[in-house]
Each structure stands twice: as C-alpha cells, then as structure tokens.
Amino acid sequence: MENILTGKDIMKIFGEKGEEIKALDKVSVSISKGEFVAVMGASGGGKSTLLFALSGMDDITSGSVKFDEVELSGLNEKQLADIRRTKMGFVFQQPTMLKNLNLLDNIILPVAQNRAGMSPAQVKHKARMLMEKTGINQLGNRDITEVSGGQLQRAGICRALMTSPEILFADEPTGALNSKASEEIMDLLSGINNEGTAILLVTHDVKVAARASRVLFMKDGKIISEIQLDKFKSHSIGIRADKILAHAQQIGI
23 MENILTGKDI MKIFGEKGEE IKALDKVSVS ISKGEFVAVM GASGGGKSTL
73 LFALSGMDDI TSGSVKFDEV ELSGLNEKQL ADIRRTKMGF VFQQPTMLKN
123 LNLLDNIILP VAQNRAGMSP AQVKHKARML MEKTGINQLG NRDITEVSGG
173 QLQRAGICRA LMTSPEILFA DEPTGALNSK ASEEIMDLLS GINNEGTAIL
223 LVTHDVKVAA RASRVLFMKD GKIISEIQLD KFKSHSIGIR ADKILAHAQQ
273 IGI
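Counting in my numbering, the sequence shown tops out at residue 275, every number present.
Below, the structure written as structure tokens:
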C-alpha cells in the first residue's frame, strides 16, 4: 500500500553541547494511506515528539520527513501551515477552544477564513453534519463550559475533520476521559479510519492501542519493536489488548 507519511533517520536533539538529550534517535517509520498506527511506550520515550516531528509541527535536528512524497523540511512556514490546515487533522488530550465562542463556532473556526471553496452556509452545514455524526448536534449553541469532557473531545474531532484530512494525528485523545467516554471516542476514531482516513495515535492505554492495525513501541527515543494486529482483527478488543500487553512485557516496556 502507498505510504502517506515517511520518516527516515529522524533525530531530535534538545539542549546544548555537553547537555544534549536525544528525544528522537535515528527513528525511521512509514504510515500507509488509510492505516491506523498507535505508538506506545513509557513517558519520556519520544512518542509525542515523534508525532510532532512527523506532522511538521516541530523541526527535526536531522533526517527526513515526507508527506505525500513532499519533503517537509524543504517548505517554508506558510507552506507547512497550508499542509497542516488542509491535509492534516489534530486531536489532543485537551481540546483548545475559545471561551467566547459556542461549540459550533469553535468547530468551524479553522476554516472560517480559508473555506477551501465552501460558502459560509456550506461550512456550517458540514460542521452540523459532523456534529450529528459524532452525537453532539444538539449542543452547537452551548458554551464550552456547558458540555462534558467527552462532548468537548467530540467537538475537537469534528474540528479536525472540517477539512477532510488525509491523516489524523491524535496525542492521548482519551487521556482525560472516563472509560465510557474513552470507548465512545475510540468508536468514532475507528469509524473515521474505516472511511479511509489514516490515523497516527499516541497512547498509554492498551485498549486504545488495540483499535489500531499496528502498534509501535518506543523507548529512549527509538522504536524498539512493533506488533501487527491485523491478524487478530476478528478478536475482541480485550484479546487484542492482551496481545499488546504481552508484547510490551516481552520487550521490557
């Protein structure tokens, strides 16, 4: 299958000489179009740093990151921002919303100025369709303080999908949610992936990672192992989670 994202020998070094920290140490990884990849590992292992590097949100010290065969390091900030805005979606543990806007206006905010050929009415219609799909259509006029954490995360997913991205980057998207809300959010992300959107997700939760088709394990800035879950596709989430946990214990994570 064709790759949508490829990183080769990525280095990310923080600090100055003598006190350098290799957050990423010659990491190479590829994500295929429509693939769902989860990244696991201990805190400080480089998971989020890898996500930021692959999405062009953070500069790398050396190496190469290509998105749709375009080398990100060769782009200026405006070109990078255009790719992130039109072809990538982002979901974080805590969605960043503006308090002076209601839920609907927060969702349409990323495309309010650059509507990609859509009229204001079409933008609002798409937002409403996404809100209906994610079960929050009735909450559009509410302030962000008047909804639950799970509902706010659904709004964050809607916002990320407004531009129909080719890949969705998710950094601990269920980290602040209870188990029921977490499961609902993962149902949504699995459905989005089934419709063809690639997902790269960072998580500590084996049940969340069990939704992926492949899990990468990171330690000390390196990908040290991976497990393919496609062969367990017919198994329950619990069994898939057990496979991940057993593999993690086997490699010492």
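Beta carbons are placed, not taken as given, at the ideal position from N, Cα and C, and that holds for glycine.
Note that the structure is predicted; figures quoted are calculated from it, not measured.
Collapsed DSSP secondary structure at residue i in the structure displayed
| i | result |
| --- | --- |
| Met-110 | strand |
| Leu-190 | strand |
| Lys-100 | helix |
| Asp-264 | helix |
| Asn-122 | coil |
| Lys-244 | strand |
| Ala-198 | coil |
| Ile-273 | helix |
| Ala-64 | coil |
| Lys-146 | helix |
| Asp-81 | coil |
| Ser-141 | coil |
| His-132 | The sequence as given places Pro at residue 132; His does not occur at that position. Residue state, collapsed to three classes: helix. |
| Gly-40 | coil |
| Ser-204 | helix |
| Glu-217 | coil |
Residue i to residue j span [Cα, whole Å]
| i | j | result |
| --- | --- | --- |
| Leu-97 | Gly-85 | 15 Å |
| Lys-48 | Ser-95 | 16 Å |
| Gly-157 | Ala-177 | 10 Å |
| Ser-54 | Leu-27 | 7 Å |
| Asn-122 | Gly-56 | 36 Å |
| Phe-58 | Asn-25 | 12 Å |
| Gly-218 | Glu-188 | 8 Å |
| Val-237 | Ile-273 | 13 Å |
| Leu-152 | Asp-252 | 28 Å |
| Val-230 | Ala-143 | 36 Å |
| Phe-114 | Thr-83 | 24 Å |
| Pro-117 | Asp-104 | 21 Å |
| Pro-132 | Glu-38 | 36 Å |
| Met-119 | Thr-167 | 10 Å |
| Gln-173 | Ser-256 | 29 Å |
| Glu-93 | Arg-106 | 14 Å |
| Glu-41 | Asp-264 | 39 Å |
| Cys-180 | Ala-149 | 7 Å |
| Ile-275 | Ala-64 | 7 Å |
| Arg-262 | Asp-242 | 25 Å |
| Val-228 | Ala-60 | 10 Å |
| Ser-201 | Ile-35 | 36 Å |
| Ala-270 | Phe-74 | 23 Å |
| Asn-215 | Glu-205 | 15 Å |
| Ile-249 | Ile-266 | 7 Å |
| Phe-89 | Asp-127 | 30 Å |
Cβ-Cβ separation, residue j to residue i (assumed contact under 8 Å), whole Å
| i | j | result |
| --- | --- | --- |
| Val-51 | Ile-245 | 6 Å |
| Ile-32 | Val-87 | 7 Å |
| Ser-70 | Phe-191 | About 10 Å separates the two Cβ atoms, so there is no contact after all. |
| Gln-175 | Ile-207 | 6 Å |
| Met-240 | Gly-68 | 5 Å |
| Leu-125 | Arg-164 | 5 Å |
| Ala-203 | Gly-111 | About 20 Å; that fails the 8 Å criterion. |
| Ile-259 | Ala-232 | 5 Å |
| Pro-195 | Leu-161 | With 8 Å as the limit, Pro-195 and Leu-161 do not qualify as a contact, their Cβ atoms being about 19 Å apart. |
| Leu-199 | Gly-171 | 6 Å |
Bridge partners - residue i, DSSP secondary structure assignment
| i | result |
| --- | --- |
| Gln-250 | Arg-236 |
| Asn-25 | Ser-54 |
| Leu-152 | Answer is none; Leu-152 lacks a bridge partner. |
| Leu-222 | Val-59 and Phe-191 |
| Glu-93 | Lys-88 |
| Val-230 | Val-230 is not bridged to any residue. |
| Lys-327 | Because residue 327 is not part of the residues shown, which for the chain are 23 to 275, the question remains open. |
Boundaries of the beta strand (DSSP E) in which residue i is found, first to last residue
| i | result |
| --- | --- |
| Lys-88 | 84–89 |
Span of the alpha helix (DSSP H), counted from its first residue to its last, around residue i
| i | result |
| --- | --- |
| Gln-160 | Gln-160 -> no alpha helix (DSSP H), and no H or E assigned at all. |
| Ile-179 | 171–183 |
| Lys-69 | 69–76 |
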